[in-house]
Every structure is written in C-alpha cells, then in structure tokens.
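A.B. asks: Below is one structure. I have some questions about it.
Number of protein chains: 2
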Amino acid sequence: MPVKGRVTIEDVAAAAGTSMISVSRAFRDPARLSPDLRARIERAAAALGYVPDRAASALASARSMNVAVLVPSITNMVFVEMLAGIDEVLSPERYQIIMATTNYCPMEEERQLRGLLAFRPDGVLLTGIDHLPGTLNLLKTPALPVVQMMELCGRAGSYSVGFSQEDGGAAIARHFAGHGYERTGFVAAQLDPRTLARGAGFRRALKEAGLDAPYELMVPDRSSVALGAALLDRVLAECPDIEAVFFCNDDLAQGALFHCQRRRIAVPQQLAIAGFNDLPASAWTVPALSTVATPRYEIGRKSAAMLLDLMCGRAPEAARLDLGFTLHARESS
Amino acid sequence: MPVKGRVTIEDVAAAAGTSMISVSRAFRDPARLSPDLRARIERAAAALGYVPDRAASALASARSMNVAVLVPSITNMVFVEMLAGIDEVLSPERYQIIMATTNYCPMEEERQLRGLLAFRPDGVLLTGIDHLPGTLNLLKTPALPVVQMMELCGRAGSYSVGFSQEDGGAAIARHFAGHGYERTGFVAAQLDPRTLARGAGFRRALKEAGLDAPYELMVPDRSSVALGAALLDRVLAECPDIEAVFFCNDDLAQGALFHCQRRRIAVPQQLAIAGFNDLPASAWTVPALSTVATPRYEIGRKSAAMLLDLMCGRAPEAARLDLGFTLHARESS
Chain A
1 MPVKGRVTIE DVAAAAGTSM ISVSRAFRDP ARLSPDLRAR IERAAAALGY
51 VPDRAASALA SARSMNVAVL VPSITNMVFV EMLAGIDEVL SPERYQIIMA
101 TTNYCPMEEE RQLRGLLAFR PDGVLLTGID HLPGTLNLLK TPALPVVQMM
151 ELCGRAGSYS VGFSQEDGGA AIARHFAGHG YERTGFVAAQ LDPRTLARGA
201 GFRRALKEAG LDAPYELMVP DRSSVALGAA LLDRVLAECP DIEAVFFCND
251 DLAQGALFHC QRRRIAVPQQ LAIAGFNDLP ASAWTVPALS TVATPRYEIG
301 RKSAAMLLDL MCGRAPEAAR LDLGFTLHAR ESS
Chain B
1 MPVKGRVTIE DVAAAAGTSM ISVSRAFRDP ARLSPDLRAR IERAAAALGY
51 VPDRAASALA SARSMNVAVL VPSITNMVFV EMLAGIDEVL SPERYQIIMA
101 TTNYCPMEEE RQLRGLLAFR PDGVLLTGID HLPGTLNLLK TPALPVVQMM
151 ELCGRAGSYS VGFSQEDGGA AIARHFAGHG YERTGFVAAQ LDPRTLARGA
201 GFRRALKEAG LDAPYELMVP DRSSVALGAA LLDRVLAECP DIEAVFFCND
251 DLAQGALFHC QRRRIAVPQQ LAIAGFNDLP ASAWTVPALS TVATPRYEIG
301 RKSAAMLLDL MCGRAPEAAR LDLGFTLHAR ESS
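Each protein sequence line maps, in turn, to chains A and B.
All the letters of the first sequence, read from the start, carry residue numbers 1 to 333 under full-length UniProt numbering.
All the letters of the second sequence, read from the start, carry residue numbers 1 to 333 under full-length UniProt numbering.
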C-alpha cells in the first residue's frame with residue numbers, strides 16, 4: 001500500500017504547538033506530561049487521525065507491547081473464555097494480543113509460533129504442557145517469558161497455571177461409584193492431551209473404587225453436539241447394558257442428552273450422563289447436566305498476570321498455580 | 001526485554017554459507033531462490049531458531065502483512081465462525097490477523113481501531129455498517145482498504161459482505177403467519193443494530209400479513225441460554241395468551257425451550273418458539289429449534305477475499321455482496 005497521506009508525529013506536534021518528543025511521550029509515557037498538554041496533543045492527534053507507529057516504536061524501544069497467545073481452537077468456548085480473561089488483564093496495560101490457533105496439532109503450534117515470533121512479542125502464552133522440541137527451541141532464542149495454561153507443568157524453569165485434568169476425570173469416576181453405577185463408559189473426541197488425562201484419571205479412580213474398567217469409545221473427530229448424539233447410538237449398540245457414561249466434554253454430553261430424549265431413554269434412570277467443563281447451557285438442559293466446572297476465565301487472568309510479572313522482570317508468586325475445579329452433580333447422573 | 005542473544009540475518013547467512021540478501025529473500029520472496037539454496041537457508045534458520053523481524057520488515061517495505069479485524073465479541077459463536085472463514089483465506093496468503101473485540105460498543109470500536117492502526121495494517125475488516133465519525137475518520141488517513149461484514153452498506157465507495165438482517169426477521173414473521181399464529185412476540189437482548197434490524201423486519205412483515213403488532217421485550221443484557229429462560233418467565237407473566245415468540249438469537253431461544261420443558265409447557269402446541277442464526281445445537285434440541293441459518297463462515301471468507309483484492313489493487317467483482325440466509329422451519333414452531 002502507498003503510504004502517502006500518512007499523518008506523522010511532526011504534523012501532530014505542529015497542530016498542538018509543542019515538540020515531537022512531547023507527542024511521542026503522550027503516547028508512550030503519558031504520566032510524564034501535564035494534563036493540559038496531554039489533552040491538547042490528544043485533540044490534535046484525534047483531529048488529524050494520527051496513530052503512533054508500533055513498528056517504528058518497537059524497533060526504537062526493543063519492546064513491542066505484543067503478547068503472543070496460542071490456543072487450540074476458538075470454536076471451543078473454553079478457550080474463548082480463557083482469552084477473555086487474558087484480555088482483561090493485558091488490555092489495560094496496553095499490550096496487544098496477537099493470537100493464533102493450533103487446531104490441537106503440535107506441528108501447527110510450532111508453525112504458528114514461528115509466525116507470531118516475527119512480531120517480536122514481549123511474552124508468550126501457550127495452551128497445555130506438551131510441545132515439540134522445535135517449539136521449545138524457538139522460545140529459547142532469545143529467552144522469552146512463557147506461561148503455559150490449562151495444565152500444571154513440572155519442568156524446571158517453567159511457568160504454568162491450570163488444574164489437574166486427571167483429577168477432574170477421577171472426580172467423575174468417584175461420583176459414578178458413589179451412586180452405585182457399575183457398568184461405566186468413557187466417550188471422547190478430539191483426543192488432545194487434556195482429554196486423554198481425563199480418561200486416565202477416570203480409569204484410575206474406577207479401579208481404586210473396585211469397579212471394572214470402563215467401556216471406551218474414542219474418536220479423533222472434532223467435538224460437537226451432533227457428534228455426541230451419533231456416539232450415543234454407537235455406545236448403546238456396542239454396550240446395551242451400560243449404566244453411566246462420562247463424555248470428555250459438555251458438548252458431546254449435551255448431544256447425548258438430547259438424543260436420549262429423542263430415543264425416549266430416561267436420564268438418569270436408564271442411563272446416567274456426565275460431561276466436563278460446565279458450558280453455559282449445561283445448567284439449563286433438561287435434565288440439567290452433571291459436569292466438572294473448570295476455571296478457564298480465571299486461568300486466563302492468572303496466566304496473564306504471571307506473564308506480566310515475568311515481562312517486567314518481577315518474580316511471580318509461584319511458578320505453578322493450581323486453580324482446581326468443581327464437581328457439579330446435577331440431575332443427569 | 002533485553003535483546004541479547006537474538007539470532008540475526010547475518011548469523012543465518014553465515015551458517016548457510018550465503019549472502020544476507022538471499023536469507024532475506026528466502027523469507028519474503030522464496031520463489032526467487034533455487035530450491036537447494038532455500039532448503040539450506042531454512043535448515044540453518046531452523047537450527048538457530050531464527051525468525052524474521054516483522055517490525056523491521058514492515059518499515060522497509062511499507063507493507064505490514066497484518067490485517068486488523070474488529071468483532072463485537074468472541075463469546076458469540078457467530079463471530080468466531082466468521083473469524084474462521086477470514087483466517088482460512090488470509091492465512092495461506094501469509095497475512096497475520098490482529099483482532100480486537102468492541103463489546104458491541106461504537107466508542108470501544110473507535111478506541112480499539114486506533115490501537116490496531118498502530119500496527120499499520122494493510123487492510124481492515126469491520127463488523128456492521130454503523131460506525132462513529134471518528135472511526136470513519138481514522139480509516140481515511142491514509143486511505144485504507146476496508147470491508148464491512150454481516151450487513152449490506154449503501155454508502156458510495158464502501159465495501160460490504162452480508163445479508164439483509166431485516167429480511168431475516170421478516171421471514172420469521174411470515175412463517176408465524178403461515179402457521180396461523182396471531183398473538184406473537186419479539187424478545188431481544190444485546191440490542192446491537194443487527195438485532196434491531198431483525199425486529200424491524202419482523203414488525204413490518206406482521207403488518208403486511210394483517211396481524212397485530214407483536215408484544216415486545218427488549219433488554220440490553222448480554223445474550224445467553226440462562227437469560228432466555230429468565231425472559232420466557234417475563235413473557236408468560238406479562239402476556240399469558242401469547243402463541244409464538246421470535247427470540248432475536250438461538251441462545252435465548254434454546255434457553256426458552258429448555259425452560260418450557262421444565263415448566264411443562266408444550267412446544268409448539270402451547271407456545272411456538274423461533275430463534276436466529278442456527279447455532280450448532282439448535283438442530284439437536286428436543287423439539288428441534290426453528291431458526292434462520294446465517295452464512296457467517298462464508299461471510300468471513302468472502303469479506304477476506306474482497307479485502308485481498310483491495311489490498312492488491314484489484315477491483316472486487318462487487319462492492320456489495322449479498323449472501324442471503326435460509327429459514328429452517330423445524331419442530332418448535
């Protein structure tokens with residue numbers, strides 16, 4: 001694009017009757033100006049349509065005021081709420097979030113991270129704790145502040161905010177055992193590390209409760225309400241005497257719930273259903289869905305706050321912050 | 001952040017045994033290099049963890065390869081799907097999307113746009129056709145390619161991709177009239193211009209069909225399944241003989257549907273319900289929800305393609321692209 005007509009810092013200084021350095025300060029360090037001068041500069045800038053140039057300013061200061069955020073997907077509401085939490089903390093500090101989605105694929109994560117690093121972010125927020133060596137290598141040169149979200153990481157020198165996905169799965173198993181369900185199932189889609197950890201926790205806690213291993217149905221497809229309905233048919237065809245099914249997340253569980261209603265299968269009398277994450281509709285379906293509520297909004301907030309500490313050279317209170325989860329035993333189980 | 005340890009273009013050139021200009025070309029114009037040389041440079045860059053510097057490259061070329069995207073909210077799945085369509089077109093062209101949310105507020109749109117313009121985007125995608133003068137002024141200096149999404153704009157020199165929100169509302173009214181419902185209602189939240197246009201179309205078409213004006217309940221709150229349930233209670237308290245309600249979007253309608261089930265109100269026999277947008281769960285609720293399916297994914301794709309034309313100096317096929325909508329008359333009405 002041609003750049004002719006671009007309003008410069010000189011234009012604003014002339015219109016406001018002040019120096020270029022004052023205009024520059026008005027945008028980068030406004031507290032150092034008098035309120036009068038700042039207001040005059042802001043009026044002049046608004047009238048001319050001036051905006052400061054991030055690229056020039058990044059080269060001049062070696063700070064870009066960008067934060068790179070990598071999430072698996074933004075059609076999964078869990079990550080959207082995490083992003084809202086991140087934004088709430090970083091936006092007032094004048095950081096710009098530059099985001100990319102990895103589609104739950106470690107190779108795509110590495111590719112997208114390489115693209116985002118070209119913007120010279122001051123810090124990086126990654127989802128999960130499983131990354132390719134190439135991804136970790138990109139973050140070493142130069143050493144960039146990084147916080148991992150949604151899971152807890154044991155690696156030395158790493159920072160993470162999340163909860164034990166495995167313990168979340170175990171909580172569902174103990175809930176099923178407490179209600180006397182004996183023939184259980186685990187149904188999962190989009191088999192990312194967090195989903196697999198929930199399954200592992202579910203299996204472990206069933207065993208600890210002296211119950212049989214669950215029937216399992218795991219497919220790599222993208223999770224959705226429609227898929228939940230389809231998987232319910234497969235569960236009932238392959239395992240007609242099943243009593244209680246743990247779906248790895250709420251959209252699958254909601255789809256199964258609706259489909260039971262359509263097939264006139266009484267929930268929980270004929271089949272108990274539980275999900276994971278507590279999506280907004282889950283408290284409202286009939287019957288209301290039993291699920292594990294996860295603090296993704298708070299994970300976003302606390303991860304951003306931890307990253308802010310690291311970017312400012314402050315030591316965070318903890319390198320590993322466990323925000324826990326809450327089992328909501330509702331009507332469906 | 002200190003920049004020591006940053007891998008430079010010189011380091012990569014030395015490791016690959018070539019010139020700095022070849023390394024630069026490998027990242028900005030790879031087609032001009034032999035496959036052998038390109039592979040050698042890519043291996044050296046990967047081994048060193050080198051990434052090109054967008055800020056330096058933006059200053060050098062006067063192209064940033066950024067596109068600024070403004071959406072009202074990313075907790076509304078409609079805009080998330082639009083973003084996915086945008087990304088599908090721009091990502092292979094090596095554009096980076098820099099996004100901000102406006103929270104349905106025109107002043108916030110102007111503020112966020114000013115922030116994004118500091119990144120010197122090569123083009124801008126805006127949601128809707130109602131913008132403050134200050135927003136339009138920011139886009140004039142310098143003249144930036146802009147495409148507006150979700151609605152159709154009649155302003156000269158403007159570009160837009162969407163459909164008639166008003167005709168969508170009218171389609172629901174004609175559907176209700178065709179089923180003989182006489183006492184209708186319009187229930188809306190988050191009263192953005194598109195929501196209001198749906199209501200205007202609904203009113204207009206009821207009148208054209210010779211029906212009474214609808215009962216109306218409009219609240220500024222954020223739309224949600226929970227709010228839909230709460231608003232249903234208010235509708236029935238204020239207007240107990242109502243026969244059919246158009247909820248301005250599917251999450252409100254789903255909440256109302258679940259709540260009818262809980263209150264043992266037969267849908268559609270005692271109350272018909274319709275929504276708008278066709279969210280993923282709406283085909284699966286019991287009864288399945290009548291709604292207007294909107295092509296937001298395609299709107300994202302076509303808007304990005306139109307912007308790409310403008311950014312490359314090509315004339316788009318049309319300045320105003322109407323992608324229409326589809327009425328799905330399902331079980332709830």
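Just so it is clear, CB atoms sit at the ideal spot from N, CA and C, and this is done for glycine as well.
By alpha-carbon positions, which one of R330/B, L307/B and R183/B ends up nearest to S158/B?
C.D. replies: As a first step, residue 158/B must be located in the second sequence, where it is residue number 158. The option with the nearest alpha carbon to S158/B is L307/B.
A.B. asks: Compare the beta carbon distance of T18/B and R40/B with 9 Å and say whether it is the shorter of the two.
C.D. replies: Here the question's residue 18/B lines up with position 18 in the second sequence. Here the question's residue 40/B lines up with position 40 in the second sequence. Yes, they are a contact pair.
A.B. asks: Starting from the beta carbon of T285/B, find every residue of chain A whose beta carbon is closer than 8 Å, and list them in chain order.
C.D. replies: Numbered from its first residue, the second sequence carries residue 285/B at position 285. Residues of chain A passing the Cβ test: F258.
A.B. asks: At the 9 Å Cβ level, is L125/A part of the contact set with chain B, yes or no?
C.D. replies: The sequence position of residue 125/A within the first sequence is 125, counting from 1. Cβ-Cβ to chain B under 9 Å: no for L125/A.
A.B. asks: Are the CB atoms of S303/A and V147/A nearer to each other than 9 Å?
C.D. replies: Residue 303/A sits at position 303 when you count from the first residue of the first sequence. Residue 147/A sits at position 147 when you count from the first residue of the first sequence. Against a cut-off of 9 Å, the Cβ pair of V147/A and S303/A comes out as a contact.
A.B. asks: Tell me whether M65/B sits in a helix, a strand or coil according to DSSP, three-state version.
C.D. replies: Residue mapping note: residue 65/B aligns to position 65 of the second sequence, counting from 1. Three-state DSSP puts M65/B in coil, outside helix and strand.
A.B. asks: Who are the neighbours of T75/B on chain A, taking C-beta pairs under 8 Å?
C.D. replies: Walking along the second sequence from the start, residue 75/B turns up at place 75. Result: M77, V80, E81 and A84.
A.B. asks: Cβ of I265/B less than 9 Å from any chain A Cβ?
C.D. replies: As a first step, residue 265/B is located in the second sequence; it is residue number 265 there, counting from the start. False, the Cβ-Cβ gap to chain A never drops below 9 Å.
A.B. asks: Determine the burial state of G313/A: buried for a count of at least 16 other Cβ atoms within 10 Å of its Cβ, exposed for fewer.
C.D. replies: Residue mapping note: residue 313/A aligns to position 313 of the first sequence, counting from 1. The residue is exposed, with fewer than 16 neighbouring Cβ atoms inside 10 Å.
A.B. asks: A256/B: which of R263/A, F247/A and V286/A sits nearest, CA to CA?
C.D. replies: Taking the first residue of the second sequence as 1, we reach residue 256/B at position 256. Ranking R263/A, F247/A and V286/A by Cα distance to A256/B puts V286/A first.
A.B. asks: For N103/A, does the count of other Cβ atoms within 10 angstroms reach 16, so buried, or fall short, so exposed?
C.D. replies: The residue labelled residue 103/A in the question sits at position 103 within the first sequence. Its Cβ having fewer than 16 others within 10 Å, N103/A is exposed.
A.B. asks: Among A100/B, I74/B, I172/B and A47/B, which has the Cα closest to the Cα of N137/A?
C.D. replies: Walking along the first sequence from the start, residue 137/A turns up at place 137. Of the listed residues, the one whose Cα sits closest to N137/A is A47/B.
A.B. asks: Quick check: G228/B and Q270/B, are their CB atoms within less than 9 Å of each other?
C.D. replies: The count along the second sequence starts at 1 and reaches residue 228/B at position 228. The count along the second sequence starts at 1 and reaches residue 270/B at position 270. Not a contact, by the Cβ cut-off of 9 Å.
A.B. asks: Could you give the distance in angstroms between the alpha-carbon of P121/A and the alpha-carbon of D309/A?
C.D. replies: Start at 1 with the first residue of the first sequence, and residue 121/A comes out as number 121. Start at 1 with the first residue of the first sequence, and residue 309/A comes out as number 309. Whole-angstrom Cα-Cα distance: 15 Å.
A.B. asks: Got a sec: which bits of the segment 275-301 of chain B sit with their beta carbon under 8 Å from any beta carbon on chain A, in order along the chain?
C.D. replies: So the list reads P280, A281, A283, W284, T285 and V286, given in the order they occur along the chain.
A.B. asks: For K4/A, which of helix, strand or coil comes out of DSSP?
C.D. replies: To locate residue 4/A, count along the first sequence from 1; it is residue 4. Confidence in K4/A is poor, its pLDDT being 43 and thus under 50, which makes the residue's placement unreliable; the coordinate value appears in the next sentence. Residue state, collapsed to three classes: coil.
A.B. asks: Tell me, please, whether the CB atom of N249/B is closer than 9 Å to any CB atom in chain A?
C.D. replies: Here residue 249/B refers to the residue found at position 249 when the second sequence is read from its first residue. No, N249/B does not count as interfacial toward chain A.
A.B. asks: Would you mind working out which of D130/A, G134/A and Q96/A sits nearest L113/A, comparing C-alpha positions?
C.D. replies: By 1-based counting over the first sequence, the position of residue 113/A is 113. It is G134/A.
A.B. asks: Mapping DSSP to helix, strand and coil, what is I242/B?
C.D. replies: Along the second sequence, read from residue 1 onward, the residue named residue 242/B stands at position 242. It is coil, neither helix nor strand.
A.B. asks: Does the Cβ of D53/B have 16 or more other Cβ atoms within 10 Å, making it buried, or fewer, making it exposed?
C.D. replies: Within the second sequence, numbered from 1, the residue matching residue 53/B stands at position 53. When all chains shown are included, D53/B counts as buried.
A.B. asks: Chain B beta carbons: is any one of them nearer than 9 Å to that of Q96/A?
C.D. replies: As a first step, residue 96/A is located in the first sequence; it is residue number 96 there, counting from the start. Answer yes: the Cβ-Cβ gap between Q96/A and chain B drops below 9 Å somewhere.
A.B. asks: Between which two residues does the beta strand (DSSP E) containing F186/B stretch?
C.D. replies: For this step, residue 186/B is matched to residue 186 along the second sequence. Taken as a continuous stretch (DSSP letters only), the beta strand (DSSP E) holding F186/B covers T184 to A188.
A.B. asks: Could you tell me whether the segment 77-96 of chain B touches the segment 28-45 of chain B, using the rule of 3 or more Cβ pairs below 8 Å?
C.D. replies: No contact exists between the segment 77-96 of chain B and the segment 28-45 of chain B.
A.B. asks: Assign E10/B to buried or exposed, taking buried as 16 or more other Cβ atoms, counted over all protein chains shown, within 10 Å of its Cβ.
C.D. replies: Translated into positions along the second sequence, residue 10/B becomes position 10. By the 10 Å Cβ count, E10/B comes out exposed.
A.B. asks: Starting from V12/B, trace the alpha helix (DSSP H) in both directions and tell me its first and last residue.
C.D. replies: One-based indexing of the second sequence puts residue 12/B at position 12. Where V12/B is concerned, the enclosing alpha helix (DSSP H) stretches over I9 to A16.
A.B. asks: List the whole-angstrom C-beta distance separating M99/A from M99/B, where the pair is believed to meet the contact cut-off of C-beta under 8 Å.
C.D. replies: Within the first sequence, numbered from 1, the residue matching residue 99/A stands at position 99. Within the second sequence, numbered from 1, the residue matching residue 99/B stands at position 99. Indeed, because the Cβ distance is near 7 Å, the residues count as touching under 8 Å.
A.B. asks: From the beta carbon of P72/A, is the nearest beta carbon of chain B less than 9 Å away?
C.D. replies: Within the first sequence, residue 72/A is the residue found at index 72, counting from 1. No, no contact with chain B.
A.B. asks: Please determine if the segment 312-330 of chain A and the segment 282-302 of chain B are in contact, where contact requires at least 3 C-beta pairs separated by less than 8 Å.
C.D. replies: At 8 Å Cβ cutoff, the stretches do not touch.
A.B. asks: Just curious, the beta strand (DSSP E) that I97/A is in, first and last residue?
C.D. replies: Counting from 1 along the first sequence, the entry for residue 97/A is found at position 97. I97/A -> beta strand (DSSP E) spans Q96 to T101.
A.B. asks: Which of the three DSSP states is assigned to G324/B in this structure?
C.D. replies: In the second sequence, counting from the first residue as 1, residue 324/B sits at position 324. DSSP places G324/B in coil when its eight states are reduced to three.
A.B. asks: Run down chain B in chain order and give the residues with a C-beta less than 7 Å from the C-beta of N137/A.
C.D. replies: The residue labelled residue 137/A in the question sits at position 137 within the first sequence. G49, listed in chain order.
A.B. asks: Thinking just about the alpha-carbon of each residue, which of A230/A, R183/A, V78/A and D192/A is nearest to the one in R263/A?
C.D. replies: Taking the first residue of the first sequence as 1, we reach residue 263/A at position 263. Residue A230/A is the option with its Cα nearest to R263/A.
A.B. asks: What number of angstroms, rounded off, separates the C-alpha of A16/A from the C-alpha of A118/B?
C.D. replies: As a working mapping, residue 16/A is identified with position 16 in the first sequence. As a working mapping, residue 118/B is identified with position 118 in the second sequence. Using only the alpha carbons, I get a separation of about 20 Å.
A.B. asks: Let me see if you follow: with CB-CB separation under 9 Å, is Q270/A close to chain B or not?
C.D. replies: Numbered from its first residue, the first sequence carries residue 270/A at position 270. No, Q270/A does not count as interfacial toward chain B.
A.B. asks: Contact criterion: CB-CB distance below 9 Å. Does V3/A meet it with respect to chain B?
C.D. replies: Taking the first sequence and counting its residues from 1, the one referred to as residue 3/A is at position 3. Unreliable positioning characterises V3/A in this predicted model, as indicated by a pLDDT of 38, which lies under 50. A coordinate reading is not provided.
A.B. asks: Using three-state DSSP, classify G275/A as helix, strand or coil.
C.D. replies: Along the first sequence, one-based indexing puts residue 275/A at 275. Three-state DSSP puts G275/A in coil, outside helix and strand.
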